[in-house]
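These notes concern the structure reproduced below.
Protein chains: 2
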Amino acid sequence: MLNHYAETYKNELLNEVVPFWEKNSLDKEYGGYFTCIDNSGEIYDTDKFIWLQARQIWMFATLCQKVQKNEAWKKIAMHGARFLEKQGRDEFGNWYFSLNQKGEPLVQPYNIFSDCFAAMAFGKLYEIEPKERYAEIAKTTFENILKRRENPKGKYNKIYRGTRNLQNFALPMILCNLSLELEHLLGSEQVDSVTDSVVNLIMNKFYHKESGLVLENISVGGEFVDSFEGRLLNPGHAIEAMWFIMNLGIRKKDIDLVKKAEKIMFQQLEYGWDNEYGGIFYFMDIKNHPPQQLEHDQKLWWVHVETLVALAKTYTCTQNDKAKKWFEKVHDYTWNHFRDKENGGEWYGYLNRKGEVHLNLKGGKWKGCFHVPRGLLEVWQTLER
Amino acid sequence: MLNHYAETYKNELLNEVVPFWEKNSLDKEYGGYFTCIDNSGEIYDTDKFIWLQARQIWMFATLCQKVQKNEAWKKIAMHGARFLEKQGRDEFGNWYFSLNQKGEPLVQPYNIFSDCFAAMAFGKLYEIEPKERYAEIAKTTFENILKRRENPKGKYNKIYRGTRNLQNFALPMILCNLSLELEHLLGSEQVDSVTDSVVNLIMNKFYHKESGLVLENISVGGEFVDSFEGRLLNPGHAIEAMWFIMNLGIRKKDIDLVKKAEKIMFQQLEYGWDNEYGGIFYFMDIKNHPPQQLEHDQKLWWVHVETLVALAKTYTCTQNDKAKKWFEKVHDYTWNHFRDKENGGEWYGYLNRKGEVHLNLKGGKWKGCFHVPRGLLEVWQTLER
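Protein sequences, first through last, are from chains A and B. Counting in our numbering, the first sequence runs from 3 upward without gaps. Counting in our numbering, the second sequence runs from 3 upward without gaps.
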């Protein structure tokens, strides 16, 4: 049984990780959150990245919804929402990539995931504070994402059209989760329509049958493309997507889909695991050629946290021993290496291949209040059930 | 004395590195060069990156000019030039970033360094094969670079104008070298005018007096900006720029400029040197905060090769003992770690912090026939003089 882990995850969430963000991240002067925080709690950069602003709103709103109605948490969610609502978008409703501390735009809306996380944030906020304008922001942002879907980077897309048109895994993957997150606003019909198409795309196109692995980029027609992008694997991405798909399978009572997602998850995990030093590689090349990403062999927090969620979900669905053993193995690696034994609080994010802390940060440009607390919450509540 | 190294560098260039590219890199079917070559000589990717195509043309033309009139080398330079001349540019004369094997465009001309290296290639080619159209390509490309200078990425620039306008070090740095490379086409007056302004910019603005270091990004007004980009240091970049500036100082018989460049070079080298494991860091943060670049602590070939060139030049200018000692130290590290003792040929490019080979490639998307042979040639000929 894995149930005894529930308490461990709950304690870490409520006594270490959430208090870290409550204490360190609020910008009381200009609104929004600081995310660039080092292991001494110092703010080392004040820029505001929309992904991370939105994710923290979502996280605190989710805590209110799923843990307890806590006014302090709600205030924190609202604090970020005020900032984002006022300063996060350009005149067309696209979400910027980043702002300076005061909220002035720094980087244009080239990155559709800013929009995805903003929709997620305001969708969740509406559930704890049902103001119509929050629902409106979530819905219009979601519609805009669907509109931009074929060319998410818009005019910032540097790819020459026609020679090698690729589609990337990240957006379909996020849509699996985002649609479910917004079901209360979109209605189940729209959720069905969006998720049926993306699940089909993931399980039949991005999933590469010959290798049993999920590709990060495929041709528009769904074929493998032998190039740097086409050969790229991101095991953590694929594993995270599989727990999104398990959730969709459970929602649709489609046991085959859940089983298929579990199977792919295990294949990714076994392939991505570093047998020499432990942990899961960040990037790999399906032909074992040198990848472009110089950081390919590093061990990243979100990869491991999302794997624990996927394994906890698998275990509760099937109670099988393989899930239990893998959960224990990944749990041990993750808690021993990413957790900050000295200072407590939020976990470290970036380890080198050997598992040593590579950057002494708790948050930065790409790491905020999201994967660690969401993962702890998901594992806790999954195993407690 | 360092002169005894001259022979070592010459032998490595002529017996190992040049033969590697002669043997492995020619695409006899579609023209141009392969650059993605692993340590067994296998071509693992066939895309053609304009930077690297142009640099190899330049390198083989330079060998013809500076080593010997070798018909085989000239043929190799012409082989790449035919491919690039036919397929490298868009309708406006901007150079693409990459092409597929056949020469069809893959990535749009968002990167002005494609243009810089193309101008360098055709400028040098004209010296060994004085066809007017080569001069024409080099000159019009150079004019286009100057026109695009204020906003090199053009419509692909994602920065929101007005909030934080930065200027980057790389273009002024390259212009120091490129102008000199094209002096036979531009005339000394234009070279003076371009280089005076960029040398002033580098030595008085990018050079940050308080720290004694060169910043990668400064405000348009020339100030330090406390942000990820503003705090960024790239010691190898700064060191390479200093040997370009030494060359300009020698050309202008400006001893003060040469001395100042030497001083800055040493400050960068001392700051960038990894006292624990040896080698020079790739990226650093001037406030010692966590940098964005996850690969920041890796050791890259070009950084070390360009440092050897800078030290050899410094030594021949001043004969000082500090330059000699540093040359020997960097030489030992570089030859022990980057050189491929097992297979010979071109050197490795990417080591982890501890100096272990990180990618088993001799060439890739960013590494081709350029820094190693150019560095070996420069050190050889500098020390032999």
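Think of the CB as a built atom: it goes at the ideal place given N, C-alpha and C, for glycine as much as any other residue.
- Task: Check the Cβ-Cβ distances between TYR46/B and every residue of chain A, and say whether any is below 9 Å.
- Result: Numbered from 1 along the second sequence, position 44 holds the residue referred to as residue 46/B. At least one CB atom of chain A sits nearer than 9 Å to the CB of TYR46/B.
- Message: Taking the alpha carbon of LEU182/B as the reference point, which residue from SER100/B, ALA121/B, TYR112/B and VAL216/B has its own alpha carbon closest?
- Response: In the second sequence, the residue the question calls residue 182/B occupies position 180. Nearest option by C-alpha distance: ALA121/B.
- Query: Going straight from the alpha carbon of LYS157/A to that of LYS157/B, what length do you get?
  - Reply: Walking along the first sequence from the start, residue 157/A turns up at place 155. Walking along the second sequence from the start, residue 157/B turns up at place 155. Answer to the nearest angstrom: the Cα atoms are 7 Å apart.
- Chain-ordered neighbours of THR165/A on chain B, where CB pairs are closer than 7 Å: Locating residue 165/A in the first sequence gives position 163, where the first residue counts as 1. In chain order: ASN102, GLU106, PRO107 and LEU108.
- Query: Listed in chain order, which residues of the stretch 271-295 of chain A have Cβ atoms closer than 7 Å to some Cβ of chain B?
  - Reply: Residues HIS291, PRO292 and GLN294.
- Would you say ASN228/B reaches chain A, if we count a Cβ-Cβ gap shorter than 9 Å as a contact? Taking the first residue of the second sequence as position 1, residue 228/B is located at position 226. It is Asp, not Asn, that sits at residue 228/B in the sequence shown. It does: the Cβ of ASP228/B has a partner Cβ on chain A nearer than 9 Å.
- Anyone know if the C-beta pair for GLY280/B and TYR335/B falls short of 9 Å? The residue you call residue 280/B lines up with position 278 of the second sequence. The residue you call residue 335/B lines up with position 333 of the second sequence. Their beta carbons are under 9 Å apart, which means GLY280/B touches TYR335/B by this criterion.
- 8 Å Cβ shell around GLU106/A - same chain, five flanking residues per side excluded: As a first step, residue 106/A must be located in the first sequence, where it is residue number 104. Cβ within range, chain order: GLN89.
- Query: Which whole-angstrom value is the C-beta distance of ASN26/A and PRO292/B, which I expect to be below 8 Å?
  - Reply: By 1-based counting over the first sequence, the position of residue 26/A is 24. By 1-based counting over the second sequence, the position of residue 292/B is 290. So it is not a contact: roughly 15 Å between Cβ atoms.
- At which residues does the beta strand (DSSP E) containing PRO107/A begin and terminate? On the first sequence, residue 107/A is found 105 positions in, with the first residue counted as 1. DSSP places PRO107/A in the uninterrupted beta strand (DSSP E) bounded by 107-109.
- Limits of the beta strand (DSSP E) - the one that GLY365/B falls within: In the second sequence, counting from the first residue as 1, residue 365/B sits at position 363. For GLY365/B, the enclosing beta strand (DSSP E) begins and ends at 363-365.
- Checking contacts by CB at 9 Å: is HIS6/B closer than that to chain A? Residue 6/B sits at position 4 when you count from the first residue of the second sequence. Taking CB atoms only, HIS6/B has no neighbour in chain A less than 9 Å away.
- Item | Reference ASN102/A; option with closest CA among GLU152/A, GLY33/A, ASN41/A and GLN294/A | The residue you call residue 102/A lines up with position 100 of the first sequence. Minimum Cα-Cα distance from ASN102/A among the listed residues GLU152/A, GLY33/A, ASN41/A and GLN294/A corresponds to GLY33/A.
- Message: Tell me the DSSP secondary structure of VAL227/B in three-state form.
- Response: As a first step, residue 227/B must be located in the second sequence, where it is residue number 225. In this structure, VAL227/B counts as coil in the three-state DSSP scheme.
- Message: Under 9 Å, Cβ to Cβ, is there at least one residue of chain B near TYR98/A?
- Response: For the purposes of this step, residue 98/A is identified with residue 96 of the first sequence, where counting begins at 1. Under the Cβ distance rule, TYR98/A counts among the residues neighbouring chain B, one pair being separated by less than 9 Å.
- Query: What first and last residue would you give for the beta strand (DSSP E) that runs through CYS38/B?
  - Reply: The residue given as residue 38/B occupies position 36 in the second sequence. Annotation: the continuous beta strand (DSSP E) that includes CYS38/B extends over 38-40.
- Item | Within-9 Å CB hit, LEU361/B to chain A | Position 359 of the second sequence, counting from 1, holds the residue named residue 361/B. Yes, contact with chain A.
- Query: What residues in its chain sit with their C-beta under 7 Å from that of LYS289/B, if we drop five residues either side in the sequence?
  - Reply: The residue labelled residue 289/B in the question sits at position 287 within the second sequence. Counting only Cβ-Cβ distances below 7 Å, and skipping sequence neighbours, we find ARG233.
- alpha helix (DSSP H) runs wholly inside the stretch 251-279 of chain A, at least 4 long, in chain order: Segments of the alpha helix (DSSP H) lying fully in the stretch 251-279 of chain A: 257-274.
- Message: Is it buried or exposed, ALA83/A, if we count other Cβ atoms within 10 angstroms and call 16 or more buried?
- Response: Mapped onto the first sequence, residue 83/A falls at position 81. Under this definition ALA83/A is a buried residue.
- Task: Report the residues of the stretch 349-376 of chain B with a CB closer than 8 Å to any CB of chain A, ordered along the chain.
- Result: Correct list: TYR352, ASN354, ARG355, HIS360, LEU361, ASN362, LEU363, GLY366 and LYS367.
- Item | N- and C-terminal bounds of the alpha helix (DSSP H) containing ASN159/B | Numbered from its first residue, the second sequence carries residue 159/B at position 157. First-last for ASN159/B: undefined, no H or E at that position.
- Message: One question on the structure: do LEU28/A and ILE59/A come within less than 9 Å of each other, judged by their Cβ atoms?
- Response: In the first sequence, counting from the first residue as 1, residue 28/A sits at position 26. In the first sequence, counting from the first residue as 1, residue 59/A sits at position 57. No, the Cβ-Cβ distance between LEU28/A and ILE59/A is not below 9 Å.
- Could you give the C-beta distance for LEU385/B and TYR7/B, rounded to a whole number, given that I count them as a contact under 8 Å? Within the second sequence, numbered from 1, the residue matching residue 385/B stands at position 383. Within the second sequence, numbered from 1, the residue matching residue 7/B stands at position 5. Confirmed, about 6 Å.
- Message: For a contact defined as C-beta to C-beta under 7 Å, what are the partners of GLN300/B on chain A?
- Response: Taking the first residue of the second sequence as position 1, residue 300/B is located at position 298. Neighbours of GLN300/B on chain A, chain order: LEU296.
- Going by other Cβ atoms of all chains shown within 10 Å of its Cβ, with 16 needed for buried, is PRO132/A buried or exposed? Within the first sequence, the letter at position 130 stands for residue 132/A. Answer is exposed; the Cβ neighbour count stays below 16.
- Using 9 Å as the limit for Cβ to Cβ distance, is CYS118/B near chain A? Residue numbering aside, residue 118/B sits at position 116 when the second sequence is read from its first letter. No, because no Cβ of chain A sits closer than 9 Å to the Cβ of CYS118/B.
- Task: Anything in the stretch 140-165 of chain B with a Cβ closer than 7 Å to a Cβ of chain A? List those residues in chain order, please.
- Result: The residues in question are LYS157, TYR158, LYS160, ILE161, TYR162 and THR165.
- Leaving aside the five residues before and after LEU259/B along the sequence, list all residues of the same chain whose C-beta is less than 6 Å from its C-beta, in chain order. Mapped onto the second sequence, residue 259/B falls at position 257. Same-chain partners within the cutoff: GLY251.
- Query: What does TYR112/A touch in chain B if you count any residue whose Cβ is under 8 Å from its own?
  - Reply: One-based indexing of the first sequence puts residue 112/A at position 110. Correct list: LYS160.
- Item | Best match in ALA140/B, LEU16/B, LEU173/B and PHE85/B for proximity to ARG151/B [C-alpha to C-alpha] | In the second sequence, the residue the question calls residue 151/B occupies position 149. Nearest to ARG151/B by C-alpha distance, out of ALA140/B, LEU16/B, LEU173/B and PHE85/B, is LEU173/B.
- Message: With a threshold of 9 Å between beta carbons, is ASP49/A in contact with chain B?
- Response: Stepping through the first sequence from its first residue, residue 49/A is reached at position 47. When Cβ-Cβ separations below 9 Å define contact, ASP49/A makes contact with chain B.
- Query: Going by alpha carbons, who is nearest to LYS301/B out of GLY189/B, LYS369/B, ASP92/B and VAL359/B?
  - Reply: Translated into positions along the second sequence, residue 301/B becomes position 299. Comparing Cα positions, the closest option is VAL359/B.
- Query: DSSP three-state call for ASP287/B: helix, strand or coil?
  - Reply: Within the second sequence, residue 287/B is the residue found at index 285, counting from 1. Reduced to three states, the DSSP call for ASP287/B is strand.
- Query: Looking at C-alpha atoms only, which residue of ILE130/B, LYS155/B and PHE119/B is the closest neighbour of GLN110/B?
  - Reply: Within the second sequence, the letter at position 108 stands for residue 110/B. Out of ILE130/B, LYS155/B and PHE119/B, LYS155/B has the C-alpha closest to the C-alpha of GLN110/B.
- Item | Reduced DSSP category for PHE51/A - H, G, I as helix; E, B as strand; rest coil | In the first sequence, the residue the question calls residue 51/A occupies position 49. Strand at PHE51/A.
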